[in-house]
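The structure appears right after this line, and notes come after that.
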Amino acid sequence: MQQSDAQTANHMSLPILDASRFYTRWINADSSRAQKVAEVAKLSLNPDVFARVLQNETDSGATLPAAMRRLRNLVIATLIRRDLNGDANLNEVVSTMTAFADFAVQHQLAATMQEMIALHGTPIGEESGQPQEMIVLGMGKLGGAELNVSSDIDLIFVYPEDGETQTTTPEQRSLSNHEFFVRTGKKLIAALAEITADGFVFRVDMALRPNGNSGPLAASFGMVEDYLIVQGREWERYAWVKARALTGKPEDIAVLENIIRPFVYRRYLDYGSIDAIRNMHAQIRAEVTRQEARHPERSHNVKLGRGGIREIEFLAQVFQLIRGGRDAALRDRSTRKTLRILADKQLLKPEIVAELLHAYTFLRDLEHRLQYLEDAQTHTLPVNDADRLTIAQMMGYSDIATLLSELEKQRVIVARHFDEMFNDKQNGQKNEQQSDAPNVAAELAVVLSSADSEDAITQFLTQLGFDEAADSARRLLSTWRSPRLQTLPEASRNKLVALVNTSLPIIAKVTDKHSVTLSRLLDFLEAIARRAAYLALLTEYPHALERVIRMIAASNWAAMYLTRHPLLLDELLDDRTLKAAPDWDAFARDVRQRLEESPGDTERQMDILREMHHAQLIRLLAQDLVGDLSVEKLADHLSALADKLVSETIHAIWMMLPNRHRDEPRFAVIAYGKLGGKELGYASDLDVIFLYDDDNQDAPGMYAKLAQRFITWMTAHTPAGILFDVDIALRPDGASGLLVSTVASFEKYQSTSAWLWEHQALTRARYCAGDADIGARFEVIRENVLRQERDPVRLKEEVLAMRKKLYDAYPNKSTEFDLKQDAGGMIDIEFIVQYMVLRYASQHPQLTGDIGNIALLKLFGELGLIDKELGVRVGDAYRTFRKLQHQSRLQGLERARISKDKVAEEIKAVARLWQTLFG
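Take 12 as the starting number for the sequence shown in our numbering and just add one per residue.
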């Protein structure tokens, strides 16, 4: 989503000289200044303009510090003029101020380094032996390229390596690198911040450096890394999000960013950031409240007050801290750009982002006008009415009341959105998505804990209506008193106990399998207990906890899946994405973009594929469990998902292969079995073969390597699990055959050497991914093979022999009916379809269409090849078996077996058709 930074109000309704006392004083002090401002105001203020003006000043005899101060005043005056005349928007103001700050720091540092090297020699790294440069990090609004007109600048000074300076003359006195850069930093601060007759360039604040004002002024990379790992506090993650290098070598900056990134951005989704920012905000608000109590006239703080700029910044940054470790797009330092990215990614509703951007522009415009008055670093409305009226008129309002009314309106909007994110749900505050259950649980939290007796817990669970209350009480106490939970940090243990208490009434409400559901939930909570971020997520989003409970109550497989992949909790937060129909083309584009964000990082790319697969799977599972998807539609989606992942994996691997001889591989993946028939389940493996058509002499080796790496990427266990199991046994000549085949050799094999069972398998084969032309040629080969004339007697004998072989391989010694393997079950139906296609496709070419078993059974009837009604009944039986098998899989059962009585009619229909065809 794009939104301009247009002014939120009309430009000022009084002359600039009456509006800004700073502007008036500065213009009136020198008769030439008005003309300078008028000339510069016509230009696009950028480093080239800054450099020309600076050069003119120094050529006139000014020292660099004096010239920089004069340039600063000219820039401020020009921005005041352009902004108040309506010629500049917020983006121009903050971008210009940021560009000038960068320019000033870079030029002053260059001059200071030159002076220091002349006195002490060049600092040399003790490990690399290379000259060292100081990296000045811009923090806060400077780091985010959104600097105020009268703001101070937050800086941190770092350098790559310790060591000593290398002198070249006897007059130079060697220093340690640390002392050299500390002195350099002091000189730089003085050059920028000392007040002279020409004013100052920027006030400098160094409080964000490691150990704050008590820490060394400059720190080596090693010192920074040790500090962030050992002592870095939660609020410092918030600060370091904005860190931007203004100086230094690109290679050094890259090393530093690799040090900072894992501190700021966690590899997991860090929902603990919500509570951390909530606490930081509470401390800020408490201080502002104290100041307002002492000075009631300062009650309108547009930065730190309720609904102010800081709350908008917190709203943007909490998403960065939560998700930035997994999504590089969220690491932008600009508040405005981050908000737009949140809208694009549907993490915040576009209409909410539009409101926040409008409020941000209004508040920042107002903040600038407060500062234009006296060039003062202030964020509070002035005390006297005359100045307030001036501010109102600068904002385009005719009176103070109208300004205050609009200010209150914007602050209410910001505060509402802030509260929706940061309200303390654990203490019973609700948002619109929450159920009433958490409030009920809050009352119960003091009742149930590990200190309670088994009898007391049993009695309480009985009152809630739990089945097997005594067993549930024992399990609950066992969990609470387990060594794993007893060794948790107290905060995590308290969160877990509170979550259990919150869950009990929900379990009583949403299912009649109370004991089973509680047991599954406790297994899940025990698995995630050491990851405070997951406990924080469920605490911050009680509706997600209820959704977890509903899912695990409905499906043991869902419970086990969530337990293995708790990262998926994030997918349960938003109904819009959870219930949305998949857009597989958009998904494929997203996968490719995410993979391209980690070039050359195989491990990360493999994890990205797994994470994105898991996310889609949990969405489909959620829709499946509430009945929104039929078994057939679910299988279509799962098959489409696999197709896209196979395609993007092939592309990613090929792009990483050294010495590849073409941009796009002439290589295709052919799907067989469940994937080929688009009947994929949640945990199905992929039956595939690999074909290529490329005369290059390196092609066989390159495509074999591509196929091998594809299998590795699919099957390797990473921290995110595996993607798919892959079976390549159906390739020509099976286990003894080549991993990859040319199209020509595949065609020859299928025409002259393949066994009948391989032609049976071909009935469910299709192009999956890769070169579409090879896919089309495969389909021609497939159709030609399936449409061959065959000896009916021999065909029947071989099909029956293969069916017996499978039946003997999977004997069922139970009294229940195996939906897949037993006579009258799914394999019988699949063999019937395969037999009919091989028997009659030569006469009826349409039988080779990829339309699925049920549609083919119907088509057999319509063509008069079998009894029409019986074909429909067997198709319905197949649908029923698949549904029952799916239900068994959802409960985590290894084999899908049920009482024969429940499917007696279906078995009977299948047996009748089997008897008709095979005798």
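The beta carbon of each residue, even a glycine, is placed where N, CA and C say it ideally should be.
Residue i: first and last residue of the uninterrupted beta strand (DSSP E) it sits in
i, result
"L8", "As shown, the chain starts at 12 and ends at 930. That puts residue 8 outside it, with no answer to give."
"I733", "No beta strand (DSSP E) contains I733, which DSSP labels as neither H nor E."
"G151", "Counting along the chain, G151 falls outside any beta strand (DSSP E), though it belongs to the alpha helix (DSSP H) covering 151-154."
"D526", "It is worth fixing the name first, because residue 526 is Ser in this sequence and not Asp. Per DSSP, S526 belongs to no beta strand (DSSP E); it is in the alpha helix (DSSP H), 525-539."
Close Cβ partners of residue i (< 8 Å) along its chain, the five nearest in sequence each way excluded
i, result
"V105", "K152, A156, E157, L158, N159, R375"
"Q832", "L817, Y818, Y821, N823, I838"
"K198", "T123, E126, M127"
"G930", "none"
"Q183", "A129, L130, H131, G132, T176"
"H624", "L652, L656, L734"
"A448", "Confidence at A448 is low in this model, with a pLDDT of 39, below 50, so its placement is unreliable and the value that follows should be read with caution. So the qualifying residues of the chain are T513, P516, I517, K520, P553, E557."
Endpoints, alpha helix (DSSP H) assigned at residue i
i, result
"F871", "864-873"
"I877", "Premise fails: I877 is in no alpha helix (DSSP H) and is neither H nor E."
"R575", "567-575"
"V796", "783-797"
"A230", "Note, A230: premise wrong, no alpha helix (DSSP H); beta strand (DSSP E) at 229-231."
"V364", "361-385"
"V642", "642-667"
"V751", "Segment 751-753 is the beta strand (DSSP E) holding V751; no alpha helix (DSSP H) there."
Cut-off 7 Å between Cβ atoms - residues of its own chain near residue i, not counting five sequence neighbours on either side
i, result
"F871", "M847, I877, G882"
"R936", "The displayed coordinates of the chain run from 12 to 930. Any statement about residue 936 would go beyond what the structure contains."
"S31", "I91, Y383, L384"
"S161", "Q382, D386, A387, Q388"
"M12", "The predicted position of M12 is uncertain, since its pLDDT is 40 and thus under 50; a value taken from the coordinates is nonetheless stated next. Correct list, in chain order: R351, A354, D355, P361, V364."
"I323", "T346, L367, A370, Y371, V425"
Exposure of residue i, with buried meaning 16 or more beta-carbon neighbours within 10 Å
i, result
"P822", "exposed"
"V637", "exposed"
"N96", "exposed"
"R36", "exposed"
"L867", "buried"
"E769", "buried"
"N224", "exposed"
"D635", "buried"
"D698", "buried"
"W568", "buried"
"K506", "buried"
"P142", "exposed"
"Q771", "buried"
Beta-bridge partners of residue i, as assigned by DSSP
i, result
"V215", "I164"
"Q177", "T133"
"N312", "T391"
"I681", "I700, Y778"
"Y170", "S231"
"Q738", "For the sequence presented, residue 738 should be read as Asp rather than Gln. According to DSSP, which records beta bridges pairwise, D738 is partnered with D698."
"F828", "I909"
"T207", "G210"
"L148", "I167, A256"
Closest residue to residue i among the options (Cα-Cα distance)
i, options, result
"L85", "A52, R906, L584, D98", "A52"
"L691", "L148, L628, E794", "L628"
"T473", "A40, A519, L507", "A519"
"T178", "S139, M145, P134", "P134"
"I424", "R380, K590, G319", "G319"
"E608", "D338, Q242, G259, Q46", "D338"
"L414", "H390, H428, F373", "F373"
"S764", "H428, T753, V252, D744", "D744"
"R615", "S747, A731, G174, L632", "A731"
"L849", "T522, A780, N795", "N795"
"G149", "D173, V116, Q143", "V116"
"A592", "H648, D612, T550, H390", "H648"
Cβ neighbours of residue i in the same chain (closer than 6 Å, five flanking residues each side left out)
i, result
"E922", "Looking at the sequence itself, residue 922 is Ala, so the reference to Glu does not match. Same-chain partners within the cutoff: G835."
"A964", "There is simply no residue 964 to check, as the chain begins at 12 and stops at 930 in what is shown."
"P669", "none"
"A88", "Y34, W37, V48"
"P676", "W665"
"A481", "T469"
"D98", "none"
Any non-hydrogen atom of the ligand NAD within 6 Å of residue i CB
i, result
"R272", "Ligands displayed in this structure: none; no statement on the ligand NAD is therefore possible."
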